[in-house]
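S.K.: The structure's right below; bear with me while I get my questions together.
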Amino acid sequence: MNTSCDTKAPPLRSLAQWLTYLESIHPNSIDMGLNRIKAVADNLGLHFSDKTVITVAGTNGKGTTCRFLELACQTQHKTTGVYSSPHLLDYRERVRINGESPDEAAFCQAFEQIERTRADVTLTYFEFSTLAALLLMQRFKVEVLILEVGLGGRLDATNIIDPDLAVITTIDLDHQDWLGDTREAIAREKAGIMRCHGLAVIGETDPPVSLQDEVEKRQVNARWAGQDFTFTQNGLWSWQGRAARFSNLPTPHIPIQNVSTALAALECLNWLPSPSDLDALLKSASMPGRMQIIRTEPQVVIDVGHNPQAVRAMQSWLDKQTFDQLHLVAGMLKDKSIAATLNAFRPGDTRWYFGSTHGPRGAAAQTLYDQLDISQQPQASCYNTVTSAYQHALAEANDNDLILVFGSFLTVADVLILEADTNAL
């Protein structure tokens, strides 16, 4: 297939064919800037001024915050569309309309419409995906659009749509090659989703000064974690917003900090659920690949976390668990902060299993091994694949042990595929 930038799609019928084509038509996987995608969006007639748009940025917690917002909107019978990325097993996971992914034909139709419209404008894979998601939301006439930022905020493809509410979950070091190597610089990029005189909810409990400066400069009406909304936890937990309060809440299956941020966003929009609906949401809300238990005896937990902040959250969760031996299975991408991420775990009697991650961005197992502080955590071994690393962990673990698989979406996906194949036998 011709891979030049001005390639036009041959007759394509399946979603798999379209995705292969989209991977070929732009020389870079990331091409920061909004002019190209905005021009195509305008020609497609994408306008959502009569809808409610919530854009969610952050280093961690975006997916679970979007998920809770989605479920809360559905309890109030609002037609809701969510765009998130990346996916775990099925590309269609990137778009949910009222909790369900459209069929393959719907995606293919959207891609065809974009391809006809873009003329000689080049689009990256993510930009194509973003436009397709917006087309599907327009087609299905959703009332609420929840858009998860893919990278940063200011120049992310989702930022072509003006949000009614901007949400920033957390801020930490990640994607430094694109966003800057300090929290101050990264905060400025994420602040780019905010609009002048608009509404914002800040879930980061230690916001950089640069974020506060951006809020003041844009005269944003912002609600801040720790000031305008708080939560306390002691077994059951409580949440306090500007006006509303919920007490004796059940512990959710997703991080409480992200639920707290979502509740602040809902209060900002006057969409808070009733106490009974909130209890039901907290008991049922979950997100695949986020501290998800996939096995017992030994217990196996998978998490897509891939940066130091995510690991600190995992460590906090581990501190509350009871098990005999901890086994950590890790596979990461080479453009991540590998050393800082791995060594964010507390040293202890832990067995490490490093697997090489496939694809051009994948890191070799030896690379991970070399960046672990072996003097503090000496029990580590390397394997050619993540699945091999996981299989060795399973073979060595006893029933009362805990296996935690983490490091990237690809790592978690490999383990989920292996588990599905095993269960199918």
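Numbering (my numbering) for the sequence shown: 8 to 432.
C-beta: ideal position from N, C-alpha, C; glycine also.
Which class does Met8 belong to by DSSP, given the choice of helix, strand or coil?
M.R.: As a working mapping, residue 8 is identified with position 1 in the sequence shown. Its pLDDT being 32, under 50, Met8 is placed unreliably in this model, and the value from its coordinates should be taken loosely. Correct three-state label for Met8: coil.
S.K.: In whole angstroms, what separates the C-alpha of His204 from that of Arg302?
M.R.: Stepping through the sequence shown from its first residue, residue 204 is reached at position 197. Stepping through the sequence shown from its first residue, residue 302 is reached at position 295. Straight-line Cα distance between these residues: approximately 48 Å.
S.K.: Rounded to whole angstroms, what is the Cα-Cα separation between Cys12 and Val422?
M.R.: The count along the sequence shown starts at 1 and reaches residue 12 at position 5. The count along the sequence shown starts at 1 and reaches residue 422 at position 415. With a pLDDT of only 45 at Cys12, under 50, the local geometry of the prediction cannot be trusted, and the value read off the model is given with reservation. Each residue's alpha carbon lies about 35 Å from the other.
S.K.: Give, in chain order, every unbroken run of the alpha helix (DSSP H) that is at least 4 residues long and sits entirely within the stretch 182-251.
M.R.: For the stretch 182-251, whole alpha helix (DSSP H) runs of length 4 or above, ordered along the chain, are 183-186, 190-198 and 216-225.
S.K.: According to DSSP, is Asp310 part of a helix, a strand, or is it coil?
M.R.: Along the sequence shown, read from residue 1 onward, the residue named residue 310 stands at position 303. Correct three-state label for Asp310: strand.
S.K.: For a test of the three-state rule: what should DSSP assign to Val128, helix, strand or coil?
M.R.: Reading the sequence shown from its first residue, position 121 is the one you call residue 128. Correct three-state label for Val128: coil.
S.K.: Would you please state the rounded distance, in angstroms, between the beta carbons of Ile263 and Gln240? I believe it to be under 8 Å.
M.R.: Counted from its first residue, the sequence shown places residue 263 at position 256. Counted from its first residue, the sequence shown places residue 240 at position 233. So it is a contact: roughly 6 Å between Cβ atoms.
S.K.: Could you work out which residue in Gln398, Asp408, Glu403 and Gly355 is closest to Gln384 when comparing CA atoms only?
M.R.: Mapped onto the sequence shown, residue 384 falls at position 377. Comparing Cα positions, the closest option is Gly355.
S.K.: According to DSSP, is Phe55 helix, strand or coil?
M.R.: For this step, residue 55 is matched to residue 48 along the sequence shown. Note: Phe55 maps to coil in three-state DSSP.
S.K.: Got a sec, what are the start and stop residues for the alpha helix (DSSP H) Arg74 sits in?
M.R.: Counting from one through the sequence shown, the residue named residue 74 turns up at place 67. It spans Lys69 to Thr82 - the alpha helix (DSSP H) in which Arg74 sits, taken as one unbroken run.
S.K.: Just to check my reading of the structure: Gly65 and Thr177 have Cβ atoms closer than 8 Å, yes? What is that Cβ distance to the nearest angstrom?
M.R.: In the sequence shown, residue 65 corresponds to position 58, counting from 1. In the sequence shown, residue 177 corresponds to position 170, counting from 1. Indeed they touch by this definition, with Cβ atoms about 5 Å apart.
S.K.: Please classify Thr429 as buried or exposed, where buried requires at least 16 neighbouring CB atoms within 10 angstroms.
M.R.: For the purposes of this step, residue 429 is taken as the residue at position 422 of the sequence shown. Exposed, by the Cβ-count rule.
S.K.: Can at least three beta-carbon pairs, one atom from the stretch 375-391 and one from the stretch 350-365, be found at a separation below 8 Å?
M.R.: The stretch 375-391 is in contact with the stretch 350-365.
S.K.: Taking DSSP's pairing of strands, which residues face Val419 in a bridge?
M.R.: Position 412 of the sequence shown, counting from 1, holds the residue named residue 419. Its beta-bridge partners do not exist; DSSP assigns none.
S.K.: How would you label Lys69, buried or exposed, when you count the other beta carbons within 10 angstroms and need 16 or more for buried?
M.R.: Counted from its first residue, the sequence shown places residue 69 at position 62. Burial call: buried.
S.K.: Relative to the C-alpha of Pro2, which candidate in Arg190, Glu223 and Ile153 has its C-alpha closest?
M.R.: Because residue 2 is not part of the residues shown, which for the chain are 8 to 432, the question remains open.
S.K.: Using three-state DSSP, classify Gln299 as helix, strand or coil.
M.R.: Walking along the sequence shown from the start, residue 299 turns up at place 292. Note: Gln299 maps to strand in three-state DSSP.
S.K.: Using the beta-carbon count (16 or more within 10 Å), is Asp326 buried or exposed?
M.R.: The residue you call residue 326 lines up with position 319 of the sequence shown. It counts as exposed.
S.K.: Use the C-beta contact count for Lys290: other C-beta atoms within 10 angstroms, 16 or more gives buried, fewer gives exposed.
M.R.: By one-based count along the sequence shown, residue 290 stands at place 283. Exposed, because fewer than 16 other Cβ atoms sit within 10 Å of the Cβ of Lys290.
S.K.: Skipping 5 residues on each side, what residues in its chain have a beta carbon closer than 6 Å to that of Leu51?
M.R.: The residue labelled residue 51 in the question sits at position 44 within the sequence shown. The residues are Thr124.
S.K.: Taking only three categories from DSSP, how would you classify Trp278?
M.R.: Within the sequence shown, numbered from 1, the residue matching residue 278 stands at position 271. Coil, per DSSP.
S.K.: Rounding to the nearest angstrom, what Cα-Cα distance links Asp171 and Gly160 in this structure?
M.R.: In the sequence shown, the residue the question calls residue 171 occupies position 164. In the sequence shown, the residue the question calls residue 160 occupies position 153. Their Cα atoms are separated by approximately 15 Å.
S.K.: I believe Cys389 touches Ala402 by the beta-carbon criterion, under 8 Å. Please report the beta-carbon distance rounded to the nearest angstrom.
M.R.: Position 382 of the sequence shown, counting from 1, holds the residue named residue 389. Position 395 of the sequence shown, counting from 1, holds the residue named residue 402. At roughly 16 Å, the Cβ-Cβ gap does not stay under 8 Å, so Cys389 and Ala402 are not in contact.
S.K.: State the DSSP-derived secondary structure class of Arg358, mapped to helix, strand or coil.
M.R.: Working through the sequence shown from its first residue, we reach residue 358 at position 351. Here Arg358 sits in strand by DSSP.
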